[in-house]
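Asker:
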Amino acid sequence: MTDTPETKPFEPVIIGFTCNWCSYRAADMAGISRMKYAPNVRLIRLMCSGRLDPTFVFKAFAGGADAVLVSGCHPGDCHYSTQNYKAMRRFHLMQRVLTQMGIEPGRTKLLWASAAEGQIFANEITKFVEEVRLLGPLNWNKSAAPVVPVEVPAEEVQA
Amino acid sequence: MSKPKFAMYWAASCGGCEIAVLNIHEKILDVDAAFDVVFWPVAMDAKYADVEKMEDGEITLCLFNGGMRNDENEHIARLLRKKSKIMVSFGSCACEGCIPGLANFSSIRDVVDTAFSTITTDNPDNIRPQTSYTMPEGIITIPTLNPVLKTLDQVVDVDYYMPGCPPESHQIAAVVDLVIAALNGKAELPPKGATIGAGNSTVCDECPRTRNVKVIKEFGRIQLMHADPTLCLLEQGIPCNGPATRSGCNARCPSAGAQCIGCYGPAEGVVDYGARLISAFASVIDSDKPEEIDRILDGLVDPAGQFYRFNLAGSLLRASKAAQKG
Amino acid sequence: MQRITIDPITRLEGHGKIEIFLNEEGDVANTYFQIPELRGFERFCVGRPVEEMPLLTNRICGVCPEAHHMAAAKAVDAVYHVDIPSTAKKLRELLYMAFYCTDHTTHFYALGGPDFIMGPDAPVAERNILGVIHKVGLEIGGKVIQMRKYGHTVVEIIGGRKVHPCTSIPGGLTKGITEEQRVEIEKMGRWAVEFAQFSLKVFNDIVLANPKYVDLILGDIYTHQTYYMGLVDANNKVNFYDGKVRVVSPDGKEYVKYEPKDYAANIAEHVEPWTYLKFPYLKNVGWKGLVDGPDSGIYMATPLSRLNASDGMATPLAQAEYEKFYATLKGKPVHQRLAIHWARLVELLYAAEHWVELATDPEITSPNFHTIPTEKPTEGVGIVEAPRGTLTHHYWTDERGVVTKVNLIVGTTNNYAPITMSIKKAASSLIKKGNVNAGLLNMVEMAFRAYDPCFGCATHSLPGQMPLEVTIHDAEGQPIKVLRQSMG
Amino acid sequence: MSPAEKKPQERVGVYVCHCGTNIAGVVNVAEVSKWAADNLVHEGVIVARDYKFMCSSLGQELIQKDIKELKLTRVVVAACSPHLHERTFRNACKGAGLNPYLCELVSIREQDAWVHTDKIAATEKAKAIISGGVARVIHHVPLEPLHVPIHPATLIVGGGIAGIQAALEIADAGFPVYLVEREPSIGGHMAQFDKTFPTLDCSACILTPKMVDVGNHPNITMLTYSEVQKVDGYVGNFAVTIKKRARYIKTEDCTGCGICWEKCPKKVIDDKFEAGLGYRKAVYTPFPQAVPKYPVIDDINCTYYIKGTCKACEKFCPTNAIDFNQKDEIITVEVGNIILATGWDLFDARRVPNYGYGRLANVFSNLEFERLSNSAGPTGGNIVLRDGKTTPKSVGIIHCVGSRDKNYNNYCSAICCMQSLKFAHLVHEKTGATVYNFYIDIRTPAKAYDEFYQRIIEEGTLFVRGKVAEVTDAARNPGEEGKLIVQVEDTLVGKQRRIPVDMVILSAGLEPRFDSKAVAKTFGISCSADGWFIERHPKLDPVATMTEGVYIAGCVQGPKDIPASVVQGAAAAARILGRIQQKEIALEPVRATINEEQCSGCRICNTLCPFNAILFHEDKMVSEVNPALCQGCGTCVAACPAGAISGTGFSNEQILSQIDGLLLLNLDKKEAMA
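Read top to bottom, the protein sequences are chains C, B, P and E. Take the first sequence: its position 118, counted from the start at 1, is 103 in this note's numbering, and no numbers get skipped. Take the second sequence: its position 1, counted from the start at 1, is 714 in this note's numbering, and no numbers get skipped. Take the third sequence: its position 362, counted from the start at 1, is 445 in this note's numbering, and no numbers get skipped. Take the fourth sequence: its position 92, counted from the start at 1, is 97 in this note's numbering, and no numbers get skipped.
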C-alpha cells in the first residue's frame, strides 16, 4: 500500500485489463490519434474480457494497486460471440465480494469500448483516475468494515 | 538406537484435528511403535522448555494445526519449525485459517469489543483484557492478539499441507503409512510444498449426485426447499462449494444432503479459492441483463462468506501485506 | 512476595496458565487462572446466513462439535419459529446420546479414571490410560476404543461426518436413516448399555470399595457450596437435548427454572482484565467475587450439577444408579467435586439407555425429517446440555435470515469461576509456609480435571497426564525452585 | 496455500525502441533500458539495449545477434502495439532459432509516449510496462502452431446469386461443392426480379445461364429442398448433417416436362415466388427456369394428402416419376470449409400500419411490384392495380420503409434508393403515369448509379424529400376521392403536403433471415444484435468469420446489391481455394486445455463455449477441449472452479506475473511475498 506524504498529491496506480479485439485496440486508437490521458493506468492484454479471472483483480489489489479497470467489447459485439456477458456477470459478483472485503465499489470499473472508441477509452481513464484520486490510497484499516452493522439496541436484552 | 521423534501441536484451533488423529483408532499404535512421541499436548506432558532444549531438526515429523491468532502461537510455530525436519501444516486452520479466519473481515478491536459487550456481559467499566496487568500481588500477562489471523505458512516455512476440517481419518492413516514407509526407505516423500492426504481434483469428482450442464436461474437456501437427494445441489440453486474444493473427503457433506462448505480448500495450483467460485458461479448465471443478474445475485446473501468461509486468512486480499498491516 | 507460575498447564485454547502468589509467610495470597485465547465467534458469525450457524459454531470445539451443532440447530429453528418433525428431533437426540457415550467414556477412562483406578499417588508414568489398561486388563482398552468407535459411527450415520456434523438445518435435518442403519444403531446401543453398566461396576469395585478414595471424594479440599444448573424435562428428569434450565441453590432447593429464551434474564458474565474468558454467574444473586455460598451467584454446570438440579433420571437403570449415588454420598445436593466422575457414569448409562429407546422408536426411519420454515426469521435461543455444562446459543437475524448479532455461553465457561476457586482452595490447603511438593501438583490437577475442563470449548488433554511445571520465585522474582512432573 | 513461486533462470534480452522521436521524444529510452539492465537482473535480464528503429532490419539483426551470441532464451521488445509488429519480432526470433512465442512485444508508444505529455511520468510508466513484460515472458512456453488437414470439398448454404457465384468459382477450380438450398430451386431473390439497376438488363436473362451451369456442373452436388441440421467437427474436417425433404418425385425419372402441374387440379396462392400475387399448383416448380427442373409436391396442399384421393399427376406422368411414398432423407457430407449465403427476408410492411399495406388494396410491396412488372409474372408484366386491369395514372414510391427508422431497423438497406429509381423508370416506361419518389436521402454510391439517378430525374419523376407520415384513402376533398393520399412533410419547401395517387409502392428494407440466430448457432458463428452475421474484420476480412473454416457471402453479412453479393461470393471462394491448395492449415496455438486428472466433471464449463469446443465424456466424467474448435478466448480457463483448465499464451502464471511486474513487485521478491 503506497503511503504518500502530504507534500505531493496522491497518484493512484491502476491496473487495466483489456480485450485483444476491442478495448486494447481502442487504446491503440487513442495512441494513434495522440489523445492524451492520465499516465496512472498500466494495461494488460487478454484475448477476451471473458478471460478475466477475479484472481487477477484480487492479485492487483493485494499487490498494491489502488484500482482496477476491466474493459471489453460492447455487449452483443463480443469477438467470441457472448463471452463479455460472462465477464459482466463475474464483475457484478466480484464487486459484491470486494465490498464485503472492504474495497469500495469505486475502485473497480467495467468499461465497454469498441476498437473505434479511442476517445471514450481515453476520457473514461482520465475520469476514473480522478475518481480514485478522491477515494485516496486503498486503506485496509478503514476498509475492514463489518458486513452487517452490529447494533445492540437495549430492548433486545430481553430475549 | 532411538526412534524418529514425533510432535503434534495446536495453535488457534478447536481440537478437532486431534480427535481426527485419535479416530485413526488402532493405527495410533503404529504411530506409537514407529515414533518416539516427544511433544503432543493433547496426549502428554507438553513443556516448551523441553522442545527448546532439542537440537534443530531433531523432531522428524511435526503435525501443526491451528491458525496464528496471537504472538504465542507464532512463537511456538517458529520454535517447532526450527526443531522439525518435516513440518506439516495440518488441517484447515493452519493451511488457510478456517472458520476463525472469518475474523479477518473485521478489525481485531471490533472482535474484542463485540465479545465484551454481548447482552449478558456485565461490564459497566467497559473493561478489555490487558496483555499485562498489575494485580496487588504482581504483574500477570496474557498473549497479544494479531491484527489478523494468519495461516501457518504466512509465519514459517512449511514442508507439506494436509487440508480438511478436520482431515479425514482415513487420509491421516494413509499419510502415517506413507511417512513410516518413507522412513524405512520403502517409499518416496512428495516434493516440498505438496499437499498430502487429499486428492488432486475437486469434491464433485467423488460426489454421488447426478450432474448436468450448469445454468443458474436462482440461488436457493437449503432450509427453504426439499432438495432432490440425487441431483447436483448447485443445479438446484444451493450454493455448494464442491466444484472448487479439493477432493479427498469422499464428498461427505453432499452425500449427507448438505452443501459442501469447502473445508478441504482449493484444488492443486489454485491461487485464490474464492476467486474460483466467484468466477464459476457467475459464469453460469442465466442472464445477460445487469438488473436481472443483480436480482439473481441477491439470492447469495453472503458472497464473501460463502466463497471464503474457510479460506479468508489464506486469500489473496486478506493475506496481503497491506491487509495484515491493518 | 513469592510467585508460583504453573505454565503451561494443559492446553486450553492456547494454554491455560495458573499464577500462585505466596505472602511473606509463604502461604497462598492469591491464585489466578488465565485463559489466553479469544477467537471471536460472536463477531465473525455476524453477516453469515443463519443456516450456517450449526456448521460454523461446530468449529468452536472439535471435541464436542455435536453439542454446538445441536444448540445452534435449536437456535436456528427458533429463529425461523418452526416446529421440527418429531422424527428430526429424535434423530438429533439419538446422535446426541451416542456422542455423550463417546465423550463420557473418553473422559472417565482416559482423564478422570486414572486418578482413582491407579490412585492419586501412583507414579506419574502409570497414571494414564495405559496404566488403567494394565491394571484392569487389556480387554477394557479394547472396549473403550470400541465405545468411541460406535459413538462416532452413529454420529457419522446421522450427522454425515465423524467430526463436525453437517446435517442439521432450520426445520430439521437434510437426511433421515434407513432401516438397515437403524438396526446397526440399535445393535451398538445395546452394547453401549452393557458397557455403561460395566463401567459403573469398575467404579464400584475400584473406587467405592476403597475407603481411601471415598474419603478423598468426601474430603473438604474438593468441596464448594455453589448453585447447580442443568436442563430438565417436564418431570424434572435430566435431559441433554431439550427442556427447561433448572437451578438449585446450595441447600438443594429449586432456585429458578426458566425457558431457554429467558436465559439473559438469569445469567450474566463478569469481566476481569487479566483473562480473555468471562465468568458467568446468576444475575439475580449477583457477582460477589470468587467465593461460594448462597449469596454468591457462582454456579456449577457439570454432570454432578445436572444430577443435583434434577429429580432423577428418565430411564430405569440410570434412575437406580441415581438413587444409589445420593444414598452413598449421604444427601442432596452433593457438593464434592470429585463426585462428578461418578455422576458422569450415571449419565453414561442414561445416554446409552435412551440411545436404545430412540433407535427402537417406530418413527425414527420416517422420511419426514424436514419442515420448510414459513415464518420470517427474527431471533432465537437454543440451549442443550454439553457434557461440560449448559450450552447457550442466541442469534438475531435480519428479514433475510442473515445474522446481525450473536451471544454464546459455552459449556465449560459456566465453570470458570468454580474451577478457579477449586484451584485456589487446593493450592491454599496444600501450600503451607512456602512448602511446595510434587503432591500439590497431583492434587491441584485433580481439582481441575474433575470438571473435565474444555475452555472456550477447546479440547482437553489425554490421557491422564496434566503437564504441570511449578516455578517458585523469591521476592525478587528469581526462580529458586522448579518442580515438574512428566512422563519420565 | 499458494504454490511456491517458480523462480526460473531464463536469459532475457530487453530491446527498447526509439521509434525515431515517436517514443524517444517523450520517454527517456536510454534511461529506461539502463534501468531494465540494472533492476531486472534477478529476473534474468542479461542485456538491455535501445535502438532507433527496432523494426528495421538492422534492429532485428541486433536482436538476432544477441540471441545467438548471448544465448538468450527470452526476448522483450518495448516498442509499438503488438497488433502492428508482434509478427515482425516473432519472426526475427524464429530466424535466430528462438521459438517465436518466447518473444513478448510491449507497447510503450500507443500506450505511453503517444498519450502522455509528462515525460517523467511516461518514462516511469515505460519502466513498469517493461518490468511487466519481463515478468510475463519468463512464463512463456515454446508453442507450435496446430496443423490440421483440409478436406477439399466445400459446403455452400444458400443458392442465391452469392452462393451460385461461390459454387461456380470453386467447382471451376476443380473442387467438389455441396450447394444446399431450402427452396425447390436455386436462384434466390434475384430470380424474382424483373430488371436490375442501373443497367436495366433482365434479371432472369443474366441469372439463368449461371443457374444452368450450376445444374450441369460435374463438381457441384445440388441439394435443393434441403436444410442443414447439424454441423460437427472443425475447420478442414466438418461433418454436416443435411435433411433432404421428400419431393415425391423420382428425380432420376422426371424429365421436367410439366404435364403434372398442368393436370394438377389444386391451385395454391404462391406467396413465395409470386409474392402472393399469383397462383401455382400443388405440384410445381417455383418458376419456369427453375434449376433443378423437376417439381415438388406440396404435401400440405396436395388433395391426395388431404383427402387420400386424386393422384392426377401420377396418372398423367409419362415417366411414372411420381412417388407418394417418398420420405425425408438425412445425409451427412464431409467438407473442409463452409460458406453461408443464406440471404435476407423482406421487411414486412404491415409493421408500419400508417402506410396501409395489407389494408389498402393498392399499396404494394417492392417484391410485389417486381412480379407485377415482370413479363413472366402474374400480369404478364402489366403494371395494374389490385383489380388486375386498371392502369395507374399516378404512382407514389416510398423509400426507407422499415429502414433508417429507430422504430424498426436503424440501418440503411442499401438497395432501396436504386430499386425505387428503377421502379420509377419502369412505371414511366410502361404506364406513363406520374411518379412521385418520397425519400429521406438519395444514396447512389456506385459505378453508374448516380448517372441513373440523373436519368430518372430527366424522365420527369417527381422527388419529394421527407418521411411519409401516412397513406390513407380518407378523402378530404373531391379531388382526393377514390385515391390514396400520401401525407408528407416536404422538407425542401417546409410544408405539409397531401398527394393523391392511384398506387403506392413501398420500398421495404432488407432484414436478416427469420432464423438467422439459430443458423449462427448451428455453425458456431456470431451474429450482431440485429441479426446480420459478424465478419472477422469489418474492413480487412469481410467474408471470414471468427470460426475458422466458416465464411459468409452476400446479404447474410448485411444489406447489399447484386454486384456486391457476387464479389463476396467470389471472395469467399478465393479464400477457400487458397486453403484447399495448401492441403493443411496452421492454427494459432492460443488454446485451452483441460487437465483430465484435475477435472472433476462438474460441468461448469460445458455451457460457456460459443464454438461448442468443450465436450463432456459421460464415461470418464471429465470435460475435454477440442483444440481445433477452440478459439482461445480463455473464458473457460477463467471459469474452471478446479483450476483444471489452462490457456496457452495467456496462462495464469503469465498474467499474474505481469501484474507483479507492472506493480514493480518483482524488483524485490522477498518484499513482495506476503
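C-beta: ideal position from N, C-alpha, C; glycine also. As the structure is a computational prediction, the values presented were derived from the model and not from experiment.
1. Counting only Cβ pairs nearer than 8 Å, list the residues of chain C close to E/V642.
2. Count the other CB atoms, across all protein chains shown, that sit within 10 Å of the CB of P/H453; report buried if there are 16 or more and exposed otherwise.
3. Output the boundary residues of the beta strand (DSSP E) element that contains E/L63.
4. Counting Cβ pairs closer than 8 Å, one from the segment 149 to 164 of chain E and one from the segment 645 to 664 of chain E, do we hit at least three?
5. Where does P/K366 fall in DSSP's three states?
6. What's the gap between the Cα of E/S651 and the Cα of E/A451?
7. Just tell me which of B/N778, B/I974 and B/S996 has its CA closest to the CA of B/S802.
8. Is the distance from the Cβ of E/V389 to the Cβ of E/V432 below 7 Å?
9. Give the range of the beta strand (DSSP E) segment to which E/V81 is assigned.
10. Are the CB atoms of C/L31 and C/C4 within a distance shorter than 7 Å?
11. Among residues of its own chain, excluding the 5 on either side of B/R924, which ones have a beta-carbon nearer than 6 Å to its beta-carbon?
12. Counting only runs of 4+ residues fully inside the segment 917 to 970 of chain B, write out the alpha helix (DSSP H) ranges in chain order.
13. Under 7 Å, do E/L107 and E/V82 count as touching if we go by C-beta distance?
14. Run down chain E in chain order and give the residues with a C-beta less than 8 Å from the C-beta of B/P956.
15. Along the chain, where does the beta strand (DSSP E) that runs through P/Y346 open and close?
16. Using Cβ-Cβ distances below 7 Å, what residues of the segment 485 to 504 of chain P are close to chain B?
17. In chain B, which residues lie less than 8 Å from P/T250 when you measure between Cβ atoms?
18. Of all the CB atoms in chain E, is at least one closer than 7 Å to the CB of C/R19?
19. For P/L177, collect the residues of the same chain with a Cβ closer than 8 Å to its Cβ; drop the 5 residues on either side in sequence, then sort them by chain order.
20. Taking all protein chains shown into account, decide if B/G978 is buried (16 or more other Cβ within 10 angstroms of its Cβ) or exposed.
21. With a cut-off of 7 Å, does the C-beta of P/G302 fall near any C-beta of chain B?
22. What number of angstroms, rounded off, separates the C-alpha of C/G1 from the C-alpha of E/N96?
23. Skipping 5 residues on each side, what residues in its chain have a beta carbon closer than 6 Å to that of E/I169?
24. Return the chain-ordered list of same chain residues with a C-beta closer than 6 Å to the C-beta of C/V146, the five sequence neighbours on each side being excluded.
25. Please go through the same chain and pick out, in chain order, the residues whose beta-carbon is closer than 6 Å to the beta-carbon of E/R79, but skip the five residues on each side of it.
26. Where does B/A1086 land, buried or exposed, given buried means 16+ other C-beta within 10 angstroms?
27. Evaluate E/H622 with the Cβ neighbour count: other Cβ atoms within 10 Å of its Cβ, from every protein chain shown; 16 or more gives buried, anything less gives exposed.
28. Taking 8 Å as the limit between beta carbons, can you name the residues of its chain near E/K675, skipping five residues before and five after?
29. Could you give the first and the last residue of the continuous alpha helix (DSSP H) run that contains B/W723?
30. For chain B, find out if any of its Cβ atoms is closer than 7 Å to the Cβ of P/C147; answer yes or no.
31. Taking the alpha carbon of E/N482 as the point to measure from, which residue in E/K70, E/I490 and E/T324 has its own alpha carbon closest?
32. Alpha carbon to alpha carbon, how far is B/Y722 from B/L858?
33. Distance, Cα to Cα, E/Q424 vs E/D350?
34. Helix, strand or coil: how does DSSP classify P/I304 here?
35. Check for me: the alpha helix (DSSP H) holding E/W40 runs from which residue to which?
Answerer: Reading off the structure:
1. R36 and D38
2. buried
3. Careful: E/L63 lies outside any beta strand (DSSP E), inside the alpha helix (DSSP H) at S62 to E74.
4. no
5. coil
6. 50 Å
7. B/N778
8. no
9. R79 to A84
10. yes
11. C945
12. 965 to 968
13. no
14. S605, C607, I609, P646 and A647
15. Counting along the chain, P/Y346 falls outside any beta strand (DSSP E), though it belongs to the alpha helix (DSSP H) covering Y346 to N349.
16. V485, N490 and I492
17. A969, G970 and A971
18. yes
19. V237, I241, I268, W438, L441, A442 and I447
20. buried
21. no
22. 29 Å
23. K215 and V219
24. Absent from the structure is residue 146 of chain C, since the part of chain C shown begins at -14 and ends at 144.
25. E15, V17, L107 and V142
26. Summary: the structure shown does not reach residue 1086 of chain B, with chain B confined to residues 714 through 1039, and so no result is reported for it.
27. exposed
28. Below a pLDDT of 50, predicted positions are generally treated as unreliable, and E/K675, at 41, falls in that range; no measurement from the model is reported.
29. Per DSSP, B/W723 belongs to no alpha helix (DSSP H); it is in the beta strand (DSSP E), K718 to W723.
30. no
31. E/I490
32. 19 Å
33. 16 Å
34. helix
35. V34 to N44
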